[in-house]
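Residue numbers (the numbering used here), protein chains in the order written: chain F, 1 to 279; chain X, 280 to 558; chain E, 559 to 837; chain C, 838 to 1116; chain S, 1117 to 1395; chain G, 1396 to 1674.
Here a beta-carbon is modelled for each residue, glycine too, at the ideal position from N, C-alpha and C.
Predicted, not measured: the structure shown is a model, and the values here were computed from it.
The structure under discussion appears below in the form of structure tokens.
Protein chains: 6
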Amino acid sequence: MTLHHLVIADIVRRALHEDLGQGYDITTDSLIPADHRGKAVMRTRQDGVLAGLEAAFAAFHMLDKTLKITAHAKDGENLAAGQDILSVEGLSRSILTGERTALNFMTHLSGIATQTRAYVEAVKGTKARITCTRKTLPGLRTLQKYAIRRGGGQNHRFGLGDAVLIKDNHIALAGGIDIALEAARKNAGHMLKIELEVDTLEQLEDALQYKFDVVLLDNMAPDMLRQAVTLVDGRILTEASGGVTLDTVRAIAETGVDMISVGALTHSVTALDIGLDVS
Amino acid sequence: MTLHHLVIADIVRRALHEDLGQGYDITTDSLIPADHRGKAVMRTRQDGVLAGLEAAFAAFHMLDKTLKITAHAKDGENLAAGQDILSVEGLSRSILTGERTALNFMTHLSGIATQTRAYVEAVKGTKARITCTRKTLPGLRTLQKYAIRRGGGQNHRFGLGDAVLIKDNHIALAGGIDIALEAARKNAGHMLKIELEVDTLEQLEDALQYKFDVVLLDNMAPDMLRQAVTLVDGRILTEASGGVTLDTVRAIAETGVDMISVGALTHSVTALDIGLDVS
Amino acid sequence: MTLHHLVIADIVRRALHEDLGQGYDITTDSLIPADHRGKAVMRTRQDGVLAGLEAAFAAFHMLDKTLKITAHAKDGENLAAGQDILSVEGLSRSILTGERTALNFMTHLSGIATQTRAYVEAVKGTKARITCTRKTLPGLRTLQKYAIRRGGGQNHRFGLGDAVLIKDNHIALAGGIDIALEAARKNAGHMLKIELEVDTLEQLEDALQYKFDVVLLDNMAPDMLRQAVTLVDGRILTEASGGVTLDTVRAIAETGVDMISVGALTHSVTALDIGLDVS
Amino acid sequence: MTLHHLVIADIVRRALHEDLGQGYDITTDSLIPADHRGKAVMRTRQDGVLAGLEAAFAAFHMLDKTLKITAHAKDGENLAAGQDILSVEGLSRSILTGERTALNFMTHLSGIATQTRAYVEAVKGTKARITCTRKTLPGLRTLQKYAIRRGGGQNHRFGLGDAVLIKDNHIALAGGIDIALEAARKNAGHMLKIELEVDTLEQLEDALQYKFDVVLLDNMAPDMLRQAVTLVDGRILTEASGGVTLDTVRAIAETGVDMISVGALTHSVTALDIGLDVS
Amino acid sequence: MTLHHLVIADIVRRALHEDLGQGYDITTDSLIPADHRGKAVMRTRQDGVLAGLEAAFAAFHMLDKTLKITAHAKDGENLAAGQDILSVEGLSRSILTGERTALNFMTHLSGIATQTRAYVEAVKGTKARITCTRKTLPGLRTLQKYAIRRGGGQNHRFGLGDAVLIKDNHIALAGGIDIALEAARKNAGHMLKIELEVDTLEQLEDALQYKFDVVLLDNMAPDMLRQAVTLVDGRILTEASGGVTLDTVRAIAETGVDMISVGALTHSVTALDIGLDVS
Amino acid sequence: MTLHHLVIADIVRRALHEDLGQGYDITTDSLIPADHRGKAVMRTRQDGVLAGLEAAFAAFHMLDKTLKITAHAKDGENLAAGQDILSVEGLSRSILTGERTALNFMTHLSGIATQTRAYVEAVKGTKARITCTRKTLPGLRTLQKYAIRRGGGQNHRFGLGDAVLIKDNHIALAGGIDIALEAARKNAGHMLKIELEVDTLEQLEDALQYKFDVVLLDNMAPDMLRQAVTLVDGRILTEASGGVTLDTVRAIAETGVDMISVGALTHSVTALDIGLDVS
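Below, the structure written as structure tokens:
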């Protein structure tokens, strides 16, 4: 599950430009001799799951191709507080100027991976898998989805073209579940899956008469979810969504659903506390 | 404190492209008649502070210039759960396709403004003001800093060129506080302020012999902060930083510091729960 | 199946810049008075299927927002030689300067739609549907895929992330069909379909033991295709590919396959002959 | 006739993004071990003329700077079916992920070069040279024009600013050939050539009273072309255009015209069949 | 000689971003009420020639589409000190924020047009025409060349592909004038002119044996230029270059050369003094 | 005061594209063998101050990564006419094609540094320092401000967000100096300086009642400047501006002002005469 340099180059460049809009780091360039060399270590101050190594590398490397960067951990790895993540060695100016951008990527993405893994661990032993949503932060979707994978989660749709997801508004405006599903099958091509959102067991029973791939069971309590799973009886995949938290996810998983989607994994991220220590 | 369209156009366009990479919304375009018209209202489901109206407008407008968008609240306004924020009226396809992008901006930025105001309220009656840091999410700094202002906070540096901030690493590598400050004054130009970070009262006393504008009191407990404020005695501005939370901010403010900076305001944002209801 | 302005804006702008790199149309600007107004009609000189109206509109509109453009046909419509497509009225300079860019889009995309419909017509009455491939021209994929839809075809994958397509090289390097399919199912998420390429009936029989969504029957003669379809027996979708032409497509469709993919639809396009007549 | 990396970098990057919009190659990344190394050879399956080596290099190289790429042929070289073009060696994932983009460039550009050379060969022994037009595919003009040169053709105008080409509409709106030519000479600067389109021998005779550089003889049959060449008598260059095909080009060349322009060379390209074999 | 919006949009947007990198005009946004409306007039404080109206319009318009902008003069027009150029009316914040960007374009481009016209006037009555070079400021070539035309000058090459210009280094490396000219004619296509630089009369005599379009007489004193013109005897165009100033240009023109190229017109520009007065 | 590659990459790429829009250097590519190697030296023909080395490096390097470039001087260094600046060695085609772009950057930026140093020298012995303005050329601000620093000057604001500068229009619209300054202090954040423009001594006296950081003494004659300096009496910084020239700057400096700002340093630049000699 590579994260190609090509895919992150633009956002890393933009992030560096946010810091270097005036063309220089007035503090560092004024105080540190141009040829001073040093070394620094990026180190986590909390337990967590690492994600964002490539972006941190890119941030330092775009700034100064002569920096020597060494990874001490891998994306997806469980980190213990105090553990080294990467070292960077070379011109001190470059290290200090690049520090914040590298950290901003890594603390955010590791925050996502850490929280994702917490959910994945919480449902261990059930067949449920954790997945994300399109509730992502503008411009960061590809990176956030990558961090979800590194935390052990799975990706839902990346955009509005790579799968069909029929919600209540769509059904209402299309004129009914049958019409909606037929239109979807006709237009969607043979490589796209179709998911249908239902809010009640009645809707679910109605929908199961027709052919589609995944049912989104929206905002159902565990009891109702269990009945829904029984109704579906393995014919299609089931996905629970709506206000899922670390406190409720286990009970939801135990209803037997296949997938649990959690918007907060990407829309409400707590950064992992990682710092850079200059030695 | 305008947010110019020009400044957000790029990030809004990128966000829309994240959803429309394949060129269409396969669900909406398959199910909704091309000429169907409808109306939807964006409404908050939680109390909070609004920010991001311009970005939501831009998201809908870039997608479809014929949509009629009406604001029912203003950025910076306190919202009550259930309150309408904006209405959008026109082609139903455009409303459904643009919904998620518009919401992703607004829930994130309102989350920042809401949390900022909570800090601002917490220090009410003291002279302390709340400020942000450069711990922002890649590509979103300008927007995040705007949301801070809408919440009643103040902006710290936007980048590495618009003020000098001398940290311990800089002092160590420069060879001392006096040398560092002299180099900063010599290079920085007459329009840039100089801030110096100190960790102890001894460092502070040493530093106060020299001329600079703001002192950053890093990771000091309220007692020590109070002593620092006494030492400074109004000669320069004082800024407290380091692990500030809603629980601790009042005590910090009561020490008499001028500014309190809070990284979590931008690096660990909880989205405000806002939804779009199609009517 | 809208084609959003947003999605074509970049490529239309680039195309205009190819003509206006020096900033002007030396011929038109030297010879035509700045305020001369005229009218022109875009008209097909061949029978065909229209695609690209939005791009032609955008080309004229980006050049001169005051041009009045009127469509006389719709994308996806069958055109008869001599039929009017659109009129453009306004400053003569703008019409002449934009002509070639508008035509370059429309002749190419209508060429694709026309050829696609020829294949669709050729298989009429069978259940086979025509689909495209990733053999598209650099930078034009979204537009070419749109033209395929307008011609009555269906889209295959848009990129390497929106479905799994396991080819022989993948199987060989993964270590067998079973291992490959298991890895795909584990990594791909619940919203992605999995397609597997087989070259022989033996491979097909082997593969059918496992769970996947679509089988790509590569380079099989009609007889073998028929046997493959019998073997599959409706359990999964079948897709025939490899050197399909207008001469052979009917015989392939009559084998009972669900899909027929044709690379030439996008990699070897004959432009539809459309011209602009100034009146 | 170098093709600078700088000039193709943008279009190659865009093409890679078309495949990697979601940030990964779900198939390859799921099935192939990250450190598996392999080798592949790009090989033509048809006779033809090579063009696009630089673009194929760039596609692989932008994806993975560690790939070792070796050319076995040169742009402009005649290829025999089965002949090796380039080898690529390194991480198997990178080879498989980059394959289609590299091929999409090379098959298209070699298709142009191959067809161009067919025309060039067809007129061998006459003084006529083959040239292209501005009927190019959006965003690909620079590359297509390069392929024309590699096939032995010559480039006509790149855009609307690098030469004057006066067509009937221009003459009509300017108010006559004399007025049009005078305006062109006055505005065009001393480094730009002026070409004038004529449809009849009468127009040609009229035009020859004035000073310009090239005459475009549009849609004339060989007999009329021969008379036109006689009338011109070497005073200016003659260019024949309009519906030229491989069947008619020899007869046109034998009329003695200097140039023959062929729009189909770039607007209706048949890809050369080139494949990548993993060894 | 239109200057298309499309062609200047990028550079105007970049210029505005230089001022609005932090997203706001801290002074104006802090001090001026959001709904305050005003009017301002752009007025020249020196005699000169106007150029850059479109860019100034674009600067204000990109910032605020509701501003009402009215032109009181035309590009290319002679301005008298004190003369009004354009008025802008609307939100005062937008006027003040856009002022500097609009002026920076207009003062620079009018500076070029003004100086160009001074040269054009200086050679009045001779047949010599004034032309520019490729010594332009990075990123501004299209705009600078436009200003040259507005001042009454002519454009030389826009880039390295739209004409052949053979300098001494080229001749030396190619192996002689004859070889160089033959290679140029063979490769350049029929729509490109060929210019050859000579430094001495001997070189000129040698060169005149061969076929090319323009001779660049580099750094020759008026006497030598006169002999060169005599030698050429109208067979090709003559262009004088090298250290031309307003003091020397008349003498050079009187030698009978066709063109005089002046690098300083674009590389050493004195801005025209234009200001914006708020009323 | 590093100039990061990242910060200049875009403008250097754009500049190269201005020359290579058609994809090649028709002259060089036609005449010089592809494998011919050579060497060239960039050399100043005038005394001056060097600036722009990084941009010249980048221009050659972006074009051809195999060129070997060696610097013989440093940005900020005083150059004597005839002195070598850099050598470039490698493929002759690359050297000739990149020459003009590299020179256009270096002659412009060195022109700025040279003129800045002339002003700095002129005020030697006084405490006045020379600073620039926002009157910069579109798209070149970061580079021009860098050249100012290399010449020994200081930078004023980079944009509208990094300091407050209150001019007469602002005061008038805000409703008075006191109201304006209060609004500025309230909104500007603790890291921004506030500068106020005054035109008369009365305004200055009025203003000095309030708290701000720098006063801009606009268009005052030396006598009045001296009185203003006396009035200010060291409480805040003083900046003189308005029509400053090399002839008047010494007298202004001797009034005791801290800063003198000179718009012409960036808006009216005379290029330093630097050439490239191929050996």
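Taking the DSSP output, what are the residues bridged to residue i?
i, result
"Ser261(F)", "Thr131(F) and Ser241(F)"
"Arg322(X)", "Asp363(X) and Gly554(X)"
"Leu723(E)", "Glu753(E)"
"Leu649(E)", "Arg595(E)"
"Gln712(E)", "Thr689(E)"
"Asn636(E)", "Val607(E)"
When the Cα of residue i is compared with those of the options, which residue comes out closest?
i, options, result
"Glu476(X)", "Gly468(X), Met470(X), Asp485(X) and His469(X)", "Asp485(X)"
"Pro1338(S)", "Ile1368(S), Ala1156(S) and Asp1363(S)", "Ile1368(S)"
"Lys1522(G)", "Glu1649(G), Ala1476(G) and Arg1409(G)", "Glu1649(G)"
"Thr951(C)", "Ala918(C), His854(C) and Ser867(C)", "Ala918(C)"
"Asp1329(S)", "Glu1355(S), Ala1189(S) and Leu1259(S)", "Glu1355(S)"
"Gly242(F)", "Gly175(F), Lys124(F), Asp218(F) and Lys145(F)", "Asp218(F)"
"Thr479(X)", "Asn466(X), Leu495(X) and Ile539(X)", "Leu495(X)"
"Ala1659(G)", "Met1501(G), Leu1458(G), Phe1455(G) and Arg1529(G)", "Arg1529(G)"
"Thr944(C)", "Lys1023(C), Ala984(C), Val1066(C) and Leu900(C)", "Ala984(C)"
Straight-line CA distance for residue i to residue j?
i, j, result
"Ile1390(S)", "Arg1161(S)", "6 Å"
"Ala1513(G)", "Ala1218(S)", "29 Å"
"Asp537(X)", "Glu1170(S)", "48 Å"
"Ile1589(G)", "Leu516(X)", "15 Å"
"Lys490(X)", "His36(F)", "26 Å"
"Ile112(F)", "His546(X)", "12 Å"
"Glu18(F)", "Leu246(F)", "35 Å"
"Ala163(F)", "Leu1010(C)", "52 Å"
"Leu1401(G)", "Leu140(F)", "21 Å"
"Val320(X)", "Leu555(X)", "6 Å"
"Leu1212(S)", "Thr1397(G)", "32 Å"
"Gly302(X)", "Gln144(F)", "22 Å"
"Ile1572(G)", "Arg514(X)", "24 Å"
"Leu1041(C)", "Val1069(C)", "8 Å"
"Ile1566(G)", "Leu1147(S)", "8 Å"
Less than 7 Å between the C-beta atoms of residue i and residue j, yes or no?
i, j, result
"Val836(E)", "Gly656(E)", "no"
"Gly717(E)", "Gly988(C)", "no"
"Met191(F)", "His714(E)", "yes"
"Lys344(X)", "Gly369(X)", "no"
"Pro312(X)", "Ala15(F)", "no"
- Is the segment 913–920 of chain C close to the segment 884–892 of chain C, with three or more CB pairs under 8 Å? yes
- Message: Below 8 Å, how does it come out for the segment 723–739 of chain E and the segment 639–647 of chain E: are there three or more Cβ pairs, yes or no?
- Response: no
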